[in-house]
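Here is the structure we will look at.
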Amino acid sequence: MKSIPRSTITVQDVARNAGVSVGTVSRVLNGATNIAPENLKKVQVAIEELGYQKNHSAGLLASRRVGSVSRTGNIGMVYTETGPSWSNHPLVAAYTLGVEQACQEKGFHSLIELSGDGDLVPRCVRERKIDGLLIRTTRSAPRFLETSPLNIPVVFVGLNDPMVRFPQVAPDNQGAGWMMTDYLWQKGHRRIAFLCSHATHPFFIARLHGYENYLRQKQVFAPELVNMAMLPRTGDPAQPESAPPDMTSLLGSLFALPFDRHPTAILTANDWMARGLYNALAARGLRVPDDMVVAGFDNAELLCEAMTPPLTSFDMDFTAVARTAAMELFDMIATPAEHRAPAVHLVRGRLVERQSVAPTT
Numbered sequence: 002m003k004s005i006p007r008s009t010i011t012v013q014d015v016a017r018n019a020g021v022s023v024g025t026v027s028r029v030l031n032g033a034t035n036i037a038p039e040n041l042k043k044v045q046v047a048i049e050e051l052g053y054q055k056n057h058s059a060g061l062l063a064s065r066r067v068g069s070v071s072r073t074g075n076i077g078m079v080y081t082e083t084g085p086s087w088s089n090h091p092l093v094a095a096y097t098l099g100v101e102q103a104c105q106e107k108g109f110h111s112l113i114e115l116s117g118d119g120d121l122v123p124r125c126v127r128e129r130k131i132d133g134l135l136i137r138t139t140r141s142a143p144r145f146l147e148t149s150p151l152n153i154p155v156v157f158v159g160l161n162d163p164m165v166r167f168p169q170v171a172p173d174n175q176g177a178g179w180m181m182t183d184y185l186w187q188k189g190h191r192r193i194a195f196l197c198s199h200a201t202h203p204f205f206i207a208r209l210h211g212y213e214n215y216l217r218q219k220q221v222f223a224p225e226l227v228n229m230a231m232l233p234r235t236g237d238p239a240q241p242e243s244a245p246p247d248m249t250s251l252l253g254s255l256f257a258l259p260f261d262r263h264p265t266a267i268l269t270a271n272d273w274m275a276r277g278l279y280n281a282l283a284a285r286g287l288r289v290p291d292d293m294v295v296a297g298f299d300n301a302e303l304l305c306e307a308m309t310p311p312l313t314s315f316d317m318d319f320t321a322v323a324r325t326a327a328m329e330l331f332d333m334i335a336t337p338a339e340h341r342a343p344a345v346h347l348v349r350g351r352l353v354e355r356q357s358v359a360p361t362t
């Protein structure tokens, strides 16, 4: 391994050396107990080998006082919709990396909690260990904010709800839907379908709206090419995304249309659904992109690159979303008396082209 100066060793370096996610390293550093023994050992060995030490500038912050308020030098990041089984999921890792990047820059520590329960007051809040709180949710403000009002700044990560009275930072899902549809349009596709196996998820609904709005302004939107379903989970129910959704029935709804109304391209609401769609297409003897063009959202890089052919996807840049939210939280901590309207800040991602899209013939 290439030598790294000890003074510049980061959480990302430890994660890379140990072969685990940034989230796992963060949880080890913060004393979490629900960590697989083999992962705990890997992280401990990597810390020892690299000589990693937490940024001591945060310790200086702990002794500072702003007005009459003591500072801890910590912020919390609470996942209210994802439990501990999600700790190594790429989405959690991306968000956690963004928070860690911001903390490294500003000299703070992060305390990460995956509770999966919006009623439960996070431990870092109960024990008053933090100066501010990031809440990762996509649906609504957790109930603990109503039952236990906080006297620290709060920023939501992933939420886009104008009714919520807190600042929010979220990926621009509607914009992503628009831009991905425009990309396929520029490739010559006019019959573009949208398939989703989890119809109630706010991210997927927003992506659908972007797709629909684009095609409506082109005056070619066809409701028959949209299938928003709620399919049962496949694979191990205790593990997130252990097997891709069975997209057979959703694909079948498109091929039940007259031949001249079949799509030439299909957008799936995320990459995992695209993986299931690949399976459904293969079962029909259809090839991507020769017989059907496919594209997804999220740019789960390991998944997209492993698919045959590799999947074109829209990178939502969840790391930038979390980093932006953390930087906003630091501003609120630094100037607590300054009033901030509960605005929604949308972070735009980028399209990543691979081999699953070809021009229409």
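Residue numbers (my numbering): 2 to 362. Note that the Cβ used here is the ideal one computed from N, Cα and C, for glycine as well.
Counting C-beta pairs with one atom in each stretch, the region 80-91 and the region 18-28 have three or more that are closer than 8 Å, which means they touch.
Note on the region 145-210: whole beta strand (DSSP E) runs with a minimum of 3 residues are 155-158, 169-172 and 193-197, in chain order. Three or more Cβ pairs closer than 8 Å define a contact, and the region 159-171 falls short of that threshold against the region 186-199. According to the DSSP assignment, G133 belongs to the beta strand (DSSP E) that extends over G133 to R137. Look at the beta carbons and you see the region 233-246 not touching the region 171-184: under three pairs across the two are nearer than 8 Å. Between M317 and A275, the C-beta spacing is not below 9 Å.
S71 is classed as exposed because its beta carbon has fewer than 16 other beta carbons within 10 Å across all chains shown. Cβ atoms of L134 and G52 stay farther apart than 8 Å, at about 31 Å. Between the region 321-341 and the region 351-362 there are fewer than three inter-stretch CB-CB distances shorter than 8 Å, so the stretches are not counted as touching. In the DSSP assignment, S27 falls outside any beta strand (DSSP E) and lies within the alpha helix (DSSP H) extending over V23 to L30. Nearest to F195 by C-alpha distance, out of T201, H202 and T182, is T182. L216 and F167 have their C-alpha atoms spaced approximately 33 Å apart. Residue state for V46 is assigned as helix, using DSSP reduced to three classes. Per DSSP, the continuous alpha helix (DSSP H) segment holding Y279 begins and ends at D272 to A284. With a 10 Å radius around the Cβ and a threshold of 16 neighbouring Cβ atoms, M164 comes out exposed.
If the five residues before and after V12 are omitted, its C-beta is found closer than 7 Å to the C-beta atoms of V23, V26, S27 and E101, all from its own chain and listed in chain order.
Taking every protein chain shown into account, the CB of D132 has 16 or more other CB atoms within 10 angstroms, so this residue is buried.
One Cα belongs to F222, the other to N228, and the distance between them is close to 13 Å.
Shown here for N214: same chain residues with a beta carbon closer than 7 Å to its own, the five before and five after excluded, namely W179 in chain order.
Within the same chain, Cβ atoms closer than 6 Å to the Cβ of G99 are found at T320, A323 and R324, the five residues on either side in sequence being excluded. Secondary structure note for N89: it is in no alpha helix (DSSP H), with a DSSP letter that is neither H nor E. Looking at the DSSP output, S243 shares a beta bridge with no other residue.
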